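Worksheet for the structure shown next.
Numbering (the numbering used here), first residue to last: 591 to 694.
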């Protein structure tokens, strides 16, 4: 029995940016946080609170929660995990060119 050698041809793959990335760029240009925006979430630690924060992407935006002018966000963290209902005061747009992830 003879084995056939498979020739592997390398096709040139064109890297396409995901649709969320283009939305994030548009949101960051406007300075507003929307679905797909890359954000930095503040660490919220204390007695009974264990929310380390970090860099993540917004997955959902809730405006006017409980008949108030409050906006909250659902965030999926880059290093794993997710958090729902993050207050607007606890996050800001992440600057990938910044030396420190601290709030501007």
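Glycine included, C-beta positions come from ideal geometry on N, C-alpha and C.
All values derive from a computational prediction rather than experimental measurement.
{"Item": "Pull up the distance between the alpha-carbon of residue 625 and that of residue 645, whole angstroms please.", "Value": "14 angstroms"}
{"Item": "In terms of residue numbering, what span does the beta strand (DSSP E) encompassing residue 651 cover?", "Value": "644-653"}
{"Item": "To the nearest angstrom, report how far apart residue 672 and residue 665 are at their CA atoms.", "Value": "6 angstroms"}
{"Item": "Taking only three categories from DSSP, how would you classify residue 687?", "Value": "coil"}
{"Item": "In whole angstroms, what separates the C-alpha of residue 687 from that of residue 631?", "Value": "17 angstroms"}
{"Item": "When you compare the CB positions of residue 680 and residue 634, do they come within less than 8 angstroms of one another, or not?", "Value": "yes"}
{"Item": "State buried or exposed for residue 643, treating a residue as buried only when at least 16 other CB atoms are found within 10 Å of its CB.", "Value": "buried"}
{"Item": "Let's see if you can read the secondary structure: which residues bound the beta strand (DSSP E) around residue 628?", "Value": "628-631"}
{"Item": "For the putative contact between residue 662 and residue 676, defined by C-beta atoms under 8 angstroms, what is the C-beta separation to the nearest angstrom?", "Value": "6 angstroms"}
{"Item": "Hey, how far is the Cα of residue 669 from the Cα of residue 658?", "Value": "32 angstroms"}
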